[in-house]
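Undergrad: Take this structure, written in structure tokens, and hold onto it; I'll ask about it next.
In the working numbering, the protein residues as written are 3 to 247.
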């Protein structure tokens, strides 16, 4: 499940997930019928309008062993919000389909650590990195230290702690539009903490948060890159050296 923002703006993240999972021996399929997880509708109160989106989701992903997504936000929506939408719809068939599909949705680090049982994925990334745990992955999914365990096993990578890492970056989807001043203030605090680490790269499991923080860092000419967790884990020594195999 590539997610809307990755499909539209960060296709490299989706490609990295596919490359990584195939490297680990997973048979990967990409259902072309997939659209949105319905989170934007649910979060802004349009639960009835979310019903056909949830129905499209369960139809597209029916029958798979696992649904893996590089987003704690979208995984959280599928695991927790789809049931709310289905129950509100009064459609017993949709409720059954959601009950079958939702438990199979995994944020990438959950799938790697909990399902595949790996923390060393054979990655190589020779840079100093700091990690921002996004709100939905931290609070809704409870991914805990899974992303850090994966990063700690990347060869060449130096992981430095991010001060105030449990604090929200201020994005929050439409929150950033409706409460822009507060959003920018929260993001500015996060940027300050990132710069305090001296890291070259800020990594997170959601490109939505990285877009927000990265935009603020670009305005400040901070010189820190934002990279999705999947792209670091998919990186190998041959890729770093520009060798195509």
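Cβ coordinates follow ideal geometry from the N, Cα and C atoms, glycine included.
Computed from a prediction, not measured in an experiment: that's the story for all the values here.
Sorted by chain position, which residues of the same chain lie with C-beta nearer than 6 Å to residue 58's C-beta, five sequence neighbours on each side aside?
TA: Locating residue 58 in the chain shown gives position 56, where the first residue counts as 1. So the list reads 37, once near-sequence residues are dropped.
Undergrad: From residue 212 to residue 119, what distance separates their C-alpha atoms?
TA: Position 210 of the chain shown, counted from the first residue, corresponds to residue 212. Position 117 of the chain shown, counted from the first residue, corresponds to residue 119. Going by the C-alpha atoms only, they are around 27 Å apart.
Undergrad: Work out the CA separation of residue 15 and residue 25 for me, nearest whole Å.
TA: Start at 1 with the first residue of the chain shown, and residue 25 comes out as number 23. Start at 1 with the first residue of the chain shown, and residue 15 comes out as number 13. Answer to the nearest angstrom: the Cα atoms are 15 Å apart.
Undergrad: Taking the straight line between their C-alpha atoms, what separation do you get for residue 28 and residue 132?
TA: Within the chain shown, the letter at position 26 stands for residue 28. Within the chain shown, the letter at position 130 stands for residue 132. Distance between the alpha carbons of residue 28 and residue 132: 28 Å.
Undergrad: Quick one: is residue 109 buried, meaning 16 or more other Cβ sit within 10 Å of its Cβ, or exposed?
TA: Here the question's residue 109 lines up with position 107 in the chain shown. Flag for residue 109 reads buried.
Undergrad: Cutting at 7 Å between CB atoms, please list the residues of its own chain near residue 151, excluding the five before and the five after it.
TA: Within the chain shown, the letter at position 149 stands for residue 151. Here the set comprises 115, 121.
Undergrad: Check residue 206 in the structure and name its three-state DSSP category.
TA: The residue you call residue 206 lines up with position 204 of the chain shown. Here residue 206 sits in strand by DSSP.
Undergrad: In the segment 166-210, which residue ranges form an unbroken beta strand (DSSP E) of at least 3 residues, counting only runs that do not cross its ends?
TA: Listed in chain order, they are 203-206.
Undergrad: What do you get for residue 87, buried or exposed, if any count of 16 or more other CB atoms within 10 angstroms of its CB means buried?
TA: The sequence position of residue 87 within the chain shown is 85, counting from 1. Burial call: buried.
Undergrad: DSSP beta-bridge partners for residue 230?
TA: For the purposes of this step, residue 230 is taken as the residue at position 228 of the chain shown. Answer is 206, bridged to residue 230.
Undergrad: So, helix, strand or coil for residue 21, using DSSP?
TA: Walking along the chain shown from the start, residue 21 turns up at place 19. If DSSP states are grouped into helix, strand and coil, residue 21 belongs with the helices.
Undergrad: Quick check on residue 222: buried or exposed, where buried means 16 or more other Cβ atoms within 10 Å of its Cβ?
TA: What you label residue 222 is simply residue 220 of the chain shown in a count that begins at 1. By the neighbour-count rule (16 or more Cβ atoms within 10 Å), residue 222 is not buried but exposed.
Undergrad: Is residue 15 helix, strand or coil when you go by DSSP?
TA: To locate residue 15, count along the chain shown from 1; it is residue 13. Note: residue 15 maps to helix in three-state DSSP.
Undergrad: Grab the span of the beta strand (DSSP E) containing residue 109 for me, first residue to last.
TA: Taking the first residue of the chain shown as position 1, residue 109 is located at position 107. Taken as a continuous stretch (DSSP letters only), the beta strand (DSSP E) holding residue 109 covers 107-109.
Undergrad: Verify the contact flag: residue 90, CB atom, against every heavy atom of the ligand ATP, threshold strictly below 7 Å.
TA: Of ligands this structure carries none, so the ligand ATP is not represented either.
Undergrad: Considering only the beta carbon of each residue, do residue 188 and residue 166 sit closer than 8 Å?
TA: As a working mapping, residue 188 is identified with position 186 in the chain shown. As a working mapping, residue 166 is identified with position 164 in the chain shown. Not a contact, by the Cβ cut-off of 8 Å.
Undergrad: Around the Cβ of residue 247, are there at least 16 other Cβ atoms within 10 angstroms (buried) or fewer (exposed)?
TA: Working through the chain shown from its first residue, we reach residue 247 at position 245. Low local confidence applies: a pLDDT of 41 at residue 247 is under 50, so the model's placement there is unreliable, and no value is given.
Undergrad: Can you tell me which of 85, 112, 61, 56 puts its alpha carbon nearest to the alpha carbon of residue 71?
TA: Position 69 of the chain shown, counting from 1, holds the residue named residue 71. Nearest C-alpha to residue 71: 112.
Undergrad: Am I right that residue 226 and residue 203 are in contact with their C-beta atoms under 8 Å? What's the rounded C-beta distance?
TA: As a position in the chain shown, residue 226 is number 224, starting the count at 1. As a position in the chain shown, residue 203 is number 201, starting the count at 1. Right, the Cβ-Cβ distance comes to about 7 Å (below 8 Å), so this counts as a contact.
Undergrad: Note the first and the last residue of the continuous alpha helix (DSSP H) segment covering residue 58.
TA: By 1-based counting over the chain shown, the position of residue 58 is 56. 49-62 is the span of the alpha helix (DSSP H), which, as asked, contains residue 58.
Undergrad: What do you reckon, are the CB atoms on residue 209 and residue 230 nearer than 8 Å?
TA: Start at 1 with the first residue of the chain shown, and residue 209 comes out as number 207. Start at 1 with the first residue of the chain shown, and residue 230 comes out as number 228. In contact: residue 209 and residue 230 (Cβ atoms closer than 8 Å).
Undergrad: Taking the continuous beta strand (DSSP E) assigned at residue 132, which residues delimit it?
TA: As a position in the chain shown, residue 132 is number 130, starting the count at 1. Element bounds for residue 132: 130-133.
Undergrad: Give the C-beta separation of residue 18 and residue 198 to the nearest angstrom, bearing in mind that I take them to be a contact with Cβ-Cβ under 8 Å.
TA: Reading the chain shown from its first residue, position 16 is the one you call residue 18. Reading the chain shown from its first residue, position 196 is the one you call residue 198. Residue 18 to residue 198, Cβ: 28 Å. No contact.
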